[in-house]
Amino acid sequence: MELNRAFISEVKSYRRTMPTAANLASQAIRWLHFLSIVSSVMSQYVVEEDMVLSCSVSNNTASNTFTSNLNILFNQRLHSEAGKSLYYNASEGEFPDTVYGLYLCKFNVSFQSCQNCIVAAVNSVLQKCSGTKEALIWYQVQECMVRFSDHSLSIMDNSAPLCMKIFQNTYNVTKSLAQSFNDVIAMPSLSSFRNATKGTNISNIIRLETFGQCIPVLSVDDCRDCLNNTIRWIQRCFDPPGTGFGRILFPSCIMGFELHPYSKVPAVGALAPSSAPGGKRRRAISIAIGTTLSALIVVLFGSFLWYRRRRYERDQEEKRNSQEVQFLHWEGRIGNHYSYDILRGGKQQAESQEFPLFPLRLALEATNHFSDENKLGQGGFGPVYKGTLADGKAIAVKRLSRTSGQGLQEFKNEVNLIAKLQHKNLVRLLGCCLEGQELLLIYEYMPNKSLDVHLFGLSLSLSIKCYLLYIL
Numbered sequence: 001m002e003l004n005r006a007f008i009s010e011v012k013s014y015r016r017t018m019p020t021a022a023n024l025a026s027q028a029i030r031w032l033h034f035l036s037i038v039s040s041v042m043s044q045y046v047v048e049e050d051m052v053l054s055c056s057v058s059n060n061t062a063s064n065t066f067t068s069n070l071n072i073l074f075n076q077r078l079h080s081e082a083g084k085s086l087y088y089n090a091s092e093g094e095f096p097d098t099v100y101g102l103y104l105c106k107f108n109v110s111f112q113s114c115q116n117c118i119v120a121a122v123n124s125v126l127q128k129c130s131g132t133k134e135a136l137i138w139y140q141v142q143e144c145m146v147r148f149s150d151h152s153l154s155i156m157d158n159s160a161p162l163c164m165k166i167f168q169n170t171y172n173v174t175k176s177l178a179q180s181f182n183d184v185i186a187m188p189s190l191s192s193f194r195n196a197t198k199g200t201n202i203s204n205i206i207r208l209e210t211f212g213q214c215i216p217v218l219s220v221d222d223c224r225d226c227l228n229n230t231i232r233w234i235q236r237c238f239d240p241p242g243t244g245f246g247r248i249l250f251p252s253c254i255m256g257f258e259l260h261p262y263s264k265v266p267a268v269g270a271l272a273p274s275s276a277p278g279g280k281r282r283r284a285i286s287i288a289i290g291t292t293l294s295a296l297i298v299v300l301f302g303s304f305l306w307y308r309r310r311r312y313e314r315d316q317e318e319k320r321n322s323q324e325v326q327f328l329h330w331e332g333r334i335g336n337h338y339s340y341d342i343l344r345g346g347k348q349q350a351e352s353q354e355f356p357l358f359p360l361r362l363a364l365e366a367t368n369h370f371s372d373e374n375k376l377g378q379g380g381f382g383p384v385y386k387g388t389l390a391d392g393k394a395i396a397v398k399r400l401s402r403t404s405g406q407g408l409q410e411f412k413n414e415v416n417l418i419a420k421l422q423h424k425n426l427v428r429l430l431g432c433c434l435e436g437q438e439l440l441l442i443y444e445y446m447p448n449k450s451l452d453v454h455l456f457g458l459s460l461s462l463s464i465k466c467y468l469l470y471i472l
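Going by UniProt numbering, the first residue of the sequence shown is number 1, and it counts up by one from there.
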C-alpha cells in the first residue's frame with residue numbers, strides 16, 4: 001500500500017515539474033528513484049508467522065507447463081534424485097517453460113523433515129503467488145529455503161534479503177548480534193561444512209544462539225562474503241528492539257538467531273526459586289532421588305569394605321594353610337617317603353615321630369576323589385574316608401573341613417598329640433598331606449569289629465565267647 005502511494009506521488013510530481021535546463025539533473029535523479037519504485041512494485045512480499053516469501057508478480061505469468069515442471073522438480077525429482085541430501089539444485093522442462101530450482105534445509109534437521117518442509121513451501125508459493133515464475137521463500141516450520149526461477153540461478157546473489165522476526169521479549173539483542181555474527185563467520189566449521197553455530201550468555205537469564213549457513217556450492221570466501229552482508233541488515237531487519245527470533249535470508253546464505261532462557265547454577269547453600277506450578281513436586285522428586293542415590297552409595301561402599309575384609313581373611317588363611325615349608329622344617333619330624341612299609345614303620349616310626357608326607361594325588365585316587373561311597377563318618381573337624389592304595393591296602397583319610405575353624409596350628413597340635421600317643425592298641429597315624437588348601441591325616445584303617453577281635457584276633461575271641469557260655 002505504501003509502495004502504491006509512493007508510485008502515485010512520483011507520477012504527480014513529474015507532471016507538475018517542467019523539464020527545464022535548470023532541473024534536468026534533479027529530474028534524472030527522480031526518474032531513477034521512480035524506476036526503483038516500479039521495480040519494487042513488480043515484486044510481492046508475504047510475511048507470516050511461519051514463513052517469509054518474495055515472488056515476482058510481473059505480466060510474464062507462468063504457463064500451465066511451467067507450473068507442471070515446477071511440481072515435477074520439487075515433488076518428484078526431489079525424492080528420486082536428491083537422496084538424503086539437505087541441498088539440491090536442478091532444472092526441469094524445455095525453454096521457454098524451463099524451471100531452475102534449488103532448496104536448502106537447515107543443517108540440523110532430518111531428511112524427512114526437509115522433504116516435508118519443501119513440499120509445504122512450494123504449496124505456499126503456489127497459493128500466495130499463483131502464476132509466478134520466480135520466488136524465494138523461507139519456511140519456518142521445519143526451516144528450509146526454496147528458490148526457483150525461469151532463468152538460471154546465480155550462485156552468488158547479493159540482492160535484498162528477506163527478513164523474518166518474532167517479538168518475544170523486550171530485551172535488545174541488536175547490540176550483541178553483530179559480534180555474534182562475526183564469531184560465527186570466523187569459526188573453522190564454516191570452511192568444512194558451510195555452517196557454524198555460536199552460543200553466548202548475554203545475561204543471567206538470556207542465552208543467544210546464532211547460526212550461519214551457505215549453500216554448499218559456494219566457496220569459503222564467497223560464503224563469508226555472503227554472511228558478512230547480513231551484518232549490514234541487522235538494524236533494518238530487527239528494529240525496533242525486542243526480537244527474540246530472527247532470520248536474514250539471502251538467496252545464497254542465511255544467518256539467524258534465537259533467544260533461550262538461561263539461568264546460572266545457584267551458589268552452594270542457596271535455594272533456587274521455583275515459580276512453576278510443579279516446582280515443589282519436582283524439588284521433592286529431586287530430594288528423593290538424591291537420598292536414594294546417597295543410600296545406595298553407602299550400601300555399595302560398605303559391601304565393598306566387607307568384601308575386601310573377607311577376601312583378606314581368606315587369603316591369610318589360605319596362606320597359612322599352604323605353607324608346607326613350615327612342616328618340612330618342623331623339627332625334622334616329617335619325612336618325604338610314602339611307601340606302605342614306611343607308613344607301617346611301627347616302633348621305629350613311633351620313636352622318631354617322623355611322619356611321611358602323603359601326596360594329594362594318591363589320596364584322591366585312594367578315596368575316589370573323596371566320594372560319598374567312601375565316606376566312613378563325620379568328625380568334629382571334618383569327614384573321614386576309606387581309601388585303598390594301589391597294592392590293595394586300606395587306609396583311613398581324615399579331611400580337615402574348611403569350615404571347621406581348625407587352622408594350621410590346630411592341625412600341627414593334632415599331629416603332635418597323636419605322635420606322642422602312638423601305641424599298638426591305638427589307631428596308628430601313618431602320615432599327613434599338605435597340598436594346596438588340603439590338610440589330610442592318613443590313619444591305619446580299622447574295620448568295624450568288636451574290640452576283642454582287634455586285641456586278640458578272631459580265634460581267641462571265639463574261645464573266650466565259648467568259655468563264657470560254658471560258665472553260664
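Beta carbons: idealized from backbone N, C-alpha and C, even for Gly.
**Prompt:** Buried or exposed: which applies to G387, given that a residue is buried once 16 or more other Cβ atoms fall within 10 Å of its Cβ?
**Reply:** For the purposes of this step, residue 387 is taken as residue 387 along the sequence shown, with counting starting at 1. With 16 or more other CB atoms across the displayed protein chains lying within 10 angstroms of its CB, G387 is buried.
**Message:** F301 and Q213 - do their beta-carbons sit closer together than 7 Å?
**Reply:** Translated into positions along the sequence shown, residue 213 becomes position 213. Translated into positions along the sequence shown, residue 301 becomes position 301. Contact flag unset, no.
**Prompt:** In terms of DSSP beta bridges, what is Q213 paired with?
**Reply:** Counted from its first residue, the sequence shown places residue 213 at position 213. Bridge partners of Q213: N195 and I254.
**Request:** Using the Cα positions of A196 and R283, report the straight-line distance between them to the nearest angstrom.
**Result:** By one-based count along the sequence shown, residue 196 stands at place 196. By one-based count along the sequence shown, residue 283 stands at place 283. Rounded to the nearest angstrom, the gap between the Cα atoms of A196 and R283 is 37 Å.
**Message:** For V173, report the span of its alpha helix (DSSP H) as first-last.
**Reply:** Locating residue 173 in the sequence shown gives position 173, counting from the first residue. Going by DSSP, V173 is part of no alpha helix (DSSP H) at all; its letter is neither H nor E.
**Request:** Could you check if Y312 is buried or exposed, using at least 16 other CB atoms within 10 Å of its CB as the buried criterion?
**Result:** Stepping through the sequence shown from its first residue, residue 312 is reached at position 312. When all chains shown are included, Y312 counts as exposed.
**Between the CA atoms of Y103 and E134 - distance to the nearest angstrom** = Locating residue 134 in the sequence shown gives position 134, where the first residue counts as 1. Locating residue 103 in the sequence shown gives position 103, where the first residue counts as 1. E134 and Y103: Cα-Cα distance of roughly 14 Å.
**Asked** Thinking just about the alpha-carbon of each residue, which of P251, Y87 and T210 is nearest to the one in F245?
**Response** If you number the sequence shown from 1, residue 245 lands on position 245. Distances from the CA of F245 to each of P251, Y87 and T210 were compared; the closest alpha carbon is that of T210.
**Request:** Use the C-beta contact count for T292: other C-beta atoms within 10 angstroms, 16 or more gives buried, fewer gives exposed.
**Result:** Stepping through the sequence shown from its first residue, residue 292 is reached at position 292. Classification for T292: exposed.
**Item:** Buried versus exposed, by CB contacts within 10 Å (16 or more), Y139
**Value:** Position 139 of the sequence shown holds residue 139. Buried, because 16 or more other Cβ atoms sit within 10 Å of the Cβ of Y139.
**DSSP-derived helix/strand/coil call for A160** = Residue mapping note: residue 160 aligns to position 160 of the sequence shown, counting from 1. Looking at A160 - three-state DSSP - the assignment turns out to be coil, as it is neither helix nor strand.
**DSSP state of T292 mapped onto helix, strand, coil** = Here residue 292 corresponds to residue number 292 of the sequence shown, with the count starting at 1. When secondary structure is reduced to three states using DSSP, T292 falls in the helix class.
**Request:** Pick helix, strand or coil for R224, following the three-state DSSP scheme.
**Result:** Residue 224 sits at position 224 when you count from the first residue of the sequence shown. Correct three-state label for R224: helix.
**Prompt:** Residues in its own chain within less than 6 Å of P216 by CB, not counting five upstream and five downstream?
**Reply:** Looking up residue 216 in the sequence shown gives position 216. Only residues of its own chain outside the window of five on either side were considered, and among them Y87 and R194 have a CB closer than 6 Å to the CB of P216, listed in chain order.
**Item:** Span of the alpha helix (DSSP H), counted from its first residue to its last, around A366
**Value:** Mapped onto the sequence shown, residue 366 falls at position 366. Counting along the chain, the alpha helix (DSSP H) containing A366 begins and ends at L360 to A366.
**Message:** Rounded to the nearest angstrom, what separates I155 and I289 at their Cα positions?
**Reply:** Walking along the sequence shown from the start, residue 155 turns up at place 155. Walking along the sequence shown from the start, residue 289 turns up at place 289. The straight-line gap from Cα to Cα measures roughly 56 Å.
**Item:** Beta-carbon spacing of A363, L440 below 7 Å
**Value:** In the sequence shown, counting from the first residue as 1, residue 363 sits at position 363. In the sequence shown, counting from the first residue as 1, residue 440 sits at position 440. In terms of Cβ geometry, A363 and L440 form a close pair [threshold 7 Å].
**Item:** Spatially closest choice to R224 from S80, H260 and N182, by CA coordinates
**Value:** What you label residue 224 is simply residue 224 of the sequence shown in a count that begins at 1. For R224, the nearest C-alpha among the options comes from N182.
**Message:** Quick check: the Cα distance between G101 and F250, rounded to an integer number of angstroms?
**Reply:** What you label residue 101 is simply residue 101 of the sequence shown in a count that begins at 1. What you label residue 250 is simply residue 250 of the sequence shown in a count that begins at 1. Their backbone Cα atoms lie some 15 Å apart in a straight line.
**Message:** Let me confirm a value: D341 is counted as buried when at least 16 other C-beta atoms fall within 10 Å, else exposed. Which label applies?
**Reply:** Looking up residue 341 in the sequence shown gives position 341. Confidence at D341 is low in this model, with a pLDDT of 48, below 50, so its placement is unreliable and the value that follows should be read with caution. Classification for D341: exposed.
**Request:** Return helix, strand or coil for F370, following the three-state DSSP convention.
**Result:** For the purposes of this step, residue 370 is taken as the residue at position 370 of the sequence shown. Judged by DSSP in its simplified three-state form, F370 adopts coil rather than helix or strand.
**Prompt:** When the Cα atoms are used, what is the spatial distance from S192 to L218?
**Reply:** Within the sequence shown, residue 192 is the residue found at index 192, counting from 1. Within the sequence shown, residue 218 is the residue found at index 218, counting from 1. Taking the straight line from one Cα to the other gives about 12 Å.
**Request:** Compare the C-beta of N204 with all C-beta atoms of chain B and state if any pair is closer than 7 Å.
**Result:** Of the chains in the structure shown, none is chain B; there is only one protein chain.
**Prompt:** Can I231 and A178 be called in contact, C-beta distance under 7 Å?
**Reply:** For the purposes of this step, residue 231 is taken as the residue at position 231 of the sequence shown. For the purposes of this step, residue 178 is taken as the residue at position 178 of the sequence shown. Contact: yes.
**Asked** Starting from I202 and walking both ways along the alpha helix (DSSP H), at which residues does that stretch end?
**Response** Reading the sequence shown from its first residue, position 202 is the one you call residue 202. Annotation for I202: no alpha helix (DSSP H) segment contains it, and DSSP assigns it neither H nor E.
**Asked** If we count the other Cβ atoms within 10 Å of its Cβ and call it buried at 16 or more, is K398 buried or exposed?
**Response** Your numbering for residue 398 matches position 398 in the sequence shown. By the 10 Å Cβ count, K398 comes out buried.
**Asked** When the Cα of R247 is compared with those of C144, A82 and R361, which residue comes out closest?
**Response** Here residue 247 refers to the residue found at position 247 of the sequence shown. Of the candidates C144, A82 and R361, the one whose C-alpha sits nearest the C-alpha of R247 is C144.
**Asked** By Cβ distance below 6 Å, which residues in the same chain neighbour S339 in space, the five residues on each side in sequence not counted?
**Response** Within the sequence shown, residue 339 is the residue found at index 339, counting from 1. Per-residue confidence for S339 stands at a pLDDT of 44, beneath the threshold of 50, marking its modelled position as unreliable; the derived number appears in the next sentence. Closer than 6 Å at Cβ, skipping near neighbours: no residue.
**Asked** Apart from the five residues just before and just after D150, which ones in its own chain have a Cβ nearer than 6 Å to its Cβ?
**Response** As a first step, residue 150 is located in the sequence shown; it is residue number 150 there, counting from the start. Taken in chain order, the residues that qualify are K133.
**Request:** Pick helix, strand or coil for G302, following the three-state DSSP scheme.
**Result:** On the sequence shown, position 302 is the one that residue 302 refers to. In the structure shown, G302 sits in a helix (DSSP, three-state: H, G or I).
**Prompt:** In the structure shown, what three-state DSSP assignment does I37 receive?
**Reply:** The count along the sequence shown starts at 1 and reaches residue 37 at position 37. Low per-residue confidence applies at I37: pLDDT is 38, beneath 50, and the placement is therefore not dependable enough to give any value.
**Request:** Return yes when the Cβ of S63 is within less than 7 Å of the Cβ of D97, no when it is not.
**Result:** For the purposes of this step, residue 97 is identified with residue 97 of the sequence shown, where counting begins at 1. For the purposes of this step, residue 63 is identified with residue 63 of the sequence shown, where counting begins at 1. The Cβ atoms of D97 and S63 lie closer than 7 Å to each other.
**Prompt:** According to DSSP, is Y445 helix, strand or coil?
**Reply:** Position 445 of the sequence shown holds residue 445. Correct three-state label for Y445: coil.
**Item:** Straight-line gap, K375 to P359 (C-alpha atoms, nearest Å)
**Value:** Sequence index remark: in the sequence shown, residue 375 carries index 375 (1-based). Sequence index remark: in the sequence shown, residue 359 carries index 359 (1-based). One C-alpha to the other measures close to 19 Å.
**Prompt:** Quick one: Cα of P161 to Cα of N201, how far?
**Reply:** Start at 1 with the first residue of the sequence shown, and residue 161 comes out as number 161. Start at 1 with the first residue of the sequence shown, and residue 201 comes out as number 201. Our two residues, P161 and N201, have alpha carbons roughly 28 Å apart in a direct line.
**Request:** Measure how close the beta-carbons of C237 and K175 come, nearest whole angstrom, since I'm counting them as under 8 Å.
**Result:** Within the sequence shown, residue 237 is the residue found at index 237, counting from 1. Within the sequence shown, residue 175 is the residue found at index 175, counting from 1. At roughly 14 Å, the Cβ-Cβ gap does not stay under 8 Å, so C237 and K175 are not in contact.
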